[in-house]
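To keep things clear, I will list the structure first and then write my remarks on it.
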Amino acid sequence: MMEQHRQLISTKADTLFALKNLIHESTIEEMYILYVRDYQMDKLEVCHEIMDQFKGRRIVVRSSSSAEDSFQRSNAGHYKSILDVDSSSEEEIIEAVDAVITSYRKDIQNLSDEQVLIQCQALHVVCSGVVFTRDIQSNKPYYLINYDETGSTDSVTGGTAGRMMKVVRNVDEGTLKTPWRELLRAVRELEHVMDGLALDIEFAINKDHQVILFQMRPLVASYKQGNVYDDNAFFKLLDNAADMYEHHKNVITGEPMMMSDMAFWNPSEIIGNNSRPLDYSLYRAIITHRAWNQGIAGIGFRKLSEDLMHRIGNKPYICLEYAFYSLIPQKVPEKLARRLVRYYQNALRHNLTAHDKIEFEIVFSSYDFGTEQRTKRLVEYGFTEEDRRNLVENLKEVTEDAVLNYEKILEEDMESLRKLEKIRGREEDLLHHDKATLHQIMQAVQSLRAGLQHYGTPQFARQARMAFMARAFLRSLTENGPEGQKKNGGQTWFCQEDTDAFMQSISTVSTEFEKDFRAFSLDEISRAEFNRKYGHLRVGTYDIRTERYDQMNFRPGPSRAQRKPVPREDALNLDRLTQAIEESGLHVTAKQLLHFIRHAIEEREYFKFEFTKSLSLILELLVRAGAMMEIARNDLSWLEIEDFVLPQYLTADGLKDQLEEKIAKRHRRYQEFRELYLPEVILNRRSLDVVEVYEARPNFITTKRVEGEVVLLDEEPDADIHDKIVVVPKADPGYEWVFTKGIKAFITRFGGAASHMAIRCAEFEIPAAIGCGEKIYHYVSSLSYLSLDCRAGKIEEGIQYRNLSALITQREGVNQYGDPVDILESGYVRFYELLGFIPKTVSNFTKNVEMIFNKKRDLLIVVGGGSLPPSMYDRPHEDELQPNRDRMEEQVIHYCVAHGIPIIATCRGMQYINVMFGGKLWYHPKLPVTRTRGMDHQVWLVKEQRNIWVNNYHSDCIYEEGLAPCFEPLAIDRENHVVEAYGSDEMKILALQWHPERRFETANAYEETRKIVLDFIQKHVK
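Each residue of the sequence shown is one higher than the last, beginning at 194 in the numbering used here.
Structure representation (structure tokens):
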């Protein structure tokens, strides 16, 4: 039986033809199967048959070769398919068929038996995409649906668009909405016909909800895995997670909770979306159990003594109803408050991408310069004007109180921090006390935990809420303007650059850290001094598995942080701010408001920095306790903070036995729940069966646009990140060191507009996309080089080519045994790889140079390194020579010039080519303005009439009068009259004295050089 169904799998055309009379839940567009042998014999006859059959309708000319759609390989997208062909046009049909057949030639020798499939183009398409009937990563029992709703039929398969949905295989299709119900019925029918084979299905759905089948083939990834997945065990696990969810009813509405992994106290950012028991229990104990509400209730928000965070499987979620309710002012009547919660629920259902931005886009949580206008939409949803005014006036009161009483609130919270510091000082000695008992360690842990709950985290929650108010003020100043102007397209109170400049003038603990790290690197302060201040920080604030800074082996070097710009004292003009305040009806002065905004943002960071000292100490005490019981640090992460209590009657060995049993049980359970795909937002029970992957809207910081190489810091923790775009899933204060390295940009999967890293990036004017979500994050992670445009809100692959072939020369040297060797710095390979080239090295000992040009070569790269023969300079020298290299490079350069192959030369290569064509070269001249090796300097771009910064790794030079007549200067060191770059369009040569592949110290210098190289490639590489 199975073999019969396998026989249905053939070419695309034959498979669809065989299915045509076997399926009823989907349709197949009218077909014509073209055989290449017939087409080659008589193109016109075949063409006229197509014209007669389709009678002027639009058609699709699709690949249907024997080399695709098999059990061994799919070759999806490998061959061409041409859409929207006019079936009445002989010319269009022949052109399209020829293009498809030509695409076969790259790897199919005998074309005569191959097919091309002609079909009617589907009309009135509202959705199209691809369904995998198993998860292709691990064979889990999910239908993976990648789809697009633009009406295009190839955007998903072409990789240009698409959304994603994961549907558990045992879902009741009756619970699905149209058109997914119809699609699932069609897919299940195909599975039945194919006797349960894992399938890869291309489909479209038209306006009548009719499913159109474009293609069905074996899901090759599933067959290559070969493992049999226990679906029933998986379904039972999902039912367990569903039971967990349905157990949680919110006390506001009495219904199952709406949940988010990134709302309000964003647990996925702080402890991860698969958090271990210790991380979760610590975060719950000190933040989300009570402190989250105690802090804000003290400044006028609603009291709620409920747990904010709950766990489904391994994933932490925030109860959205509790977040909504707690952000309503206390004086708002209870009935109105509950109606507002309902309103916020509905608002989020219609805008799920705002779940990590509820304070800014869903909830009215403070009064700012846009509150009056934004709250008017409440009236459209059934609220009275009296309701609206009640909310607005109470928001204004809470906000004004925070601004006017800020110093008093701050002093009270600082006093609490001082009490926490005393507790910490008392317990810290136990870390270094050799005779400390396990009971004492456990008591210290509980003492610190209680101290945090009373004197640390409620105060941080309060400061964090006021920082949100501050950010809301800044945001609203750029979104609103003088009465009557904004709604008519007029000016806002301030532009984004103004508020960015203000943020850069803020000085947080990160500013202090960067300054101290530089001092430490320069031996101005000792490691001990640095550790006293920052030693408690760790990458993963709640993660016991990570080391603290005082346990890490720092390699201090010159700090490469981008220096903060000189603060603009007038960034937010007081007169204009006063006008905004007067129009808003706020009863505060401009100076009071600026003081509040600045200090609320600064103090939020300080309070977080301070309370994490006690949290870090708890983790170290637990490590000490673990060592006493011979429990490894990693194993401790499977325990909960509540487990670390040692009753007087229990011995250390007795406790160890109990803990080890819990470790084994929780570890096993954790591994089981890791199998589940859990959504970012849970609206109801169905959300667990149908997991939609939303395209999040990142929080873009600054208005800059940058391009750069991508570094995935979790995968490359030791990478050089200077001038790179750093990508991490989540970031906390333990990532402070990143800002000392002069990074180009920062991208995270998790994080909010007012998160720790958002503030850091704004402070240092670092372009960032914070909180990209799963889909964009995975896209970014797949790139080597990207463009980040914060003003336009875009993240795209950087400009580069595909699979161009480049020859690259090498230095000549000798190894430790005296053997001649070729030497190439890896930076060259990386630089040109990021442009889309595949560099192939040329040995200096190549005898037959022409042989290396047997294959098509798109570019020759002549590298730097070492001196040229003395005869080529203005005076003799005794430097080591490279005769084999000189001979080889001369031959390949002449060959490329003769055959029109473009050349890019660097440093020594640039100097050599100049001399080869009649120019002069000066050996180690004394320049009027010294150029220090390794330091950037400016050069003048002759054509563009502007300066750019370049690096400097050379001692020899070409003065302007020494440039060969066949070349034109492109860049000049005007202070020294030295040619820094030259070129020739006729000879297709670009020569740079500086090194594009090496480090630049100046911001954006790398991009400037890369643009010069790209412009040359676009002009000359075909």
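Built from N, CA and C at the ideal position, the CB exists for glycine as well.
Computed from a predicted model, the values in this text were never measured in an experiment.
Runs of alpha helix (DSSP H) with 4 or more residues, each lying fully within the region 1064-1116, are found at 1076-1092 and 1101-1109, listed in chain order. DSSP places T1034 inside the beta strand (DSSP E), whose first and last residues are F1030 to T1034. Going by DSSP, R711 is part of the alpha helix (DSSP H) stretching over V702 to S714. Collapsing the DSSP output to three states places Y842 in coil. Per the C-alpha coordinates, the member of K589, H780 and T895 positioned closest to F695 is T895. Taking C-alpha positions only, V1022 is separated from L1028 by approximately 10 Å. Under the DSSP assignment, V380 falls in the alpha helix (DSSP H) whose first and last residues are W373 to V386. The alpha-carbon separation between D454 and E552 amounts to approximately 15 Å. For M635, the CB contacts under 7 Å within the same chain, skipping 5 residues up- and downstream, are A818, F837, V838 and L839 in chain order. Closest by C-alpha distance to S975, out of G964, A484 and I988, is I988. Per DSSP, V404 is one residue of the beta strand (DSSP E) stretching across V404 to P411. The beta carbons of R1078 and R1004 sit closer together than 8 Å. Residues N996, L997, S998 and A999 of the same chain have their beta carbon placed closer than 8 Å to that of I1031, with the five preceding and five following residues left out of the count. Contact between the region 697-710 and the region 953-960 is present: three or more C-beta pairs spanning the two stretches fall below 8 Å. The C-beta distance from L588 to F562 rounds to 13 Å, too long to meet the 8 Å contact threshold.
In this structure, DSSP gives W831 a state outside helix and strand, which the three-state scheme calls coil.
If you ignore the 5 residues before and after E672, its C-beta comes within less than 7 Å of the C-beta of G563 and T685, all in its own chain and listed in chain order. Judged by pairs of C-beta atoms under 8 Å, the region 383-391 does not touch the region 236-245, as fewer than three such pairs exist.
Take the alpha-carbon of S719 and the one of D911: they are about 23 Å apart. Our two residues, A985 and A961, have alpha carbons roughly 13 Å apart in a direct line. The beta carbons of A654 and W930 sit no closer together than 8 Å. Taking C-beta separations shorter than 8 Å and ignoring five residues to either side along the sequence, the partners of E578 in its chain run V572, following chain order.
Counting the other Cβ atoms within 10 Å of the Cβ of R642 gives 16 or more, which makes it buried. Bounds of the beta strand (DSSP E) holding G322 are V318 to F325.
For E705 and F932, the gap between their C-alpha atoms comes out near 11 Å. The Cβ atoms of E620 and L812 lie no closer than 8 Å to each other. Around the beta-carbon of K248, fewer than 16 other beta-carbon atoms lie within 10 Å, marking it exposed. Segment contact: the region 783-791 against the region 591-604, three or more CB-CB distances shorter than 8 Å; contact assigned. Judged by their CB atoms, E900 and Y978 are nearer to each other than the 8 Å cut-off.
A direct Cα-Cα distance of roughly 8 Å separates R542 from L876. Per the DSSP secondary-structure output, I338 pairs in a beta bridge with V324 and M358. The residue from D693, E823 and L814 with its alpha-carbon nearest to that of F957 is D693. Q314 places its beta carbon 8 Å or farther from that of V254. Counting only the Cα atoms, A845 lies some 20 Å from K858. Excluding residues up to 5 positions away in sequence, P960 and C983 lie with their Cβ nearer than 6 Å to the Cβ of K897 in the same chain. Y518 is positioned such that its CB atom lies closer than 8 Å to that of V534.
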